[in-house]
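Residue numbers (UniProt numbering): 1 to 273.
Beta carbons: idealized from backbone N, C-alpha and C, even for Gly.
Working notes for the structure below.
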């Protein structure tokens, strides 16, 4: 039987999702716990990798087992074997054809920045930025990146040259919150470092160091060397992975983006939808 699991984790102390030779990957920790619970080895196949230090609220993975258990019981048992920094949110049986990576149709990442000041806890979960950022200018420039584009300039040079770098960004929203700024990225998928490089670029826009024209040159140039900005890992969260298109949410996102171009609605937006 195949199971779909949703997991949240604090990525600070891990070398990313994937199993590592010279470090601890979250995948390794989960697979060891699964083996103890199920009595046999199995692979945890995720919707995609997250980098070292990156967090997740809604990472999805699947695994196979001949052992049948109710999802809630399995969740409780697995959490009892996992460290407190990795928490299973749900487990449910799915079709044998379900694939956590290849069936995903949309992902949401959030990037948090703010002045951490003297707060010793914020530095693990928010990227420190002390400058006053021009949020409206950031939102304006973010729209350059929305749509279907070749994001070669905003990704790692290590990606196989045979793989497409074309991705569709459905929405980028820049929102002021009580303790900082939240950047929301929604799209059909993201290349390695893409969100962090887009976030880093938009932060430079907010600081007044880049213009809309600069962002357009980076995107249209399709050259890895054109973008030198990559935001720090601890501000990034994989919030949600979707496996069915939600037309209602897509309509809401389009409405919000149009409104952001017309007037300042930053105050009432917030981080929950």
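- Residue 183 is bridged by DSSP to 111, 174.
- Going by DSSP, residue 57 is part of the beta strand (DSSP E) stretching over 55-64.
- Its chain contains 116 as the residues whose beta carbon lies nearer than 6 Å to that of residue 122, once the 5 sequence neighbours on both sides are disregarded; these appear in chain order.
- Residue 32 counts as exposed, since fewer than 16 other beta carbons sit within 10 angstroms of its beta carbon.
- Judged by beta-carbon spacing, residue 2 lies within the 8 Å limit of residue 94, meaning their Cβ atoms are closer than that value.
- Comparing alpha carbon positions, the residue from 54, 30, 57, 97 closest to residue 74 is 30.
- For residue 92, the secondary structure class from DSSP, reduced to helix, strand or coil, is strand.
- By the Cβ criterion, the segment 229-238 is in contact with the segment 126-137, since at least three pairs of Cβ atoms, one from each stretch, lie closer than 8 Å.
- If you check the CB distance, residue 11 and residue 40 do not come in under 8 Å.
- By the beta-carbon neighbour count (other beta carbons within 10 angstroms, threshold 16), residue 110 is buried.
- Scanning its chain for C-beta atoms nearer than 6 Å, with the 5 sequence neighbours on each side dropped, one finds around residue 218 the residues 153, 226, 227, in chain order.
- By the Cβ-count criterion, residue 102 is exposed, with fewer than 16 other Cβ atoms from all chains shown falling within 10 Å of its own Cβ.
- Out of 52, 4, 151, 42, the CA that lies nearest to the CA of residue 166 is found in 151.
- With respect to residue 183, residue 171 sits apart: the two C-beta atoms are not nearer than 8 Å.
- CA-CA distance, residue 133 to residue 180, rounds to 10 Å.
- Of 239, 107, 161, the smallest CA-CA separation from residue 245 is found for 107.
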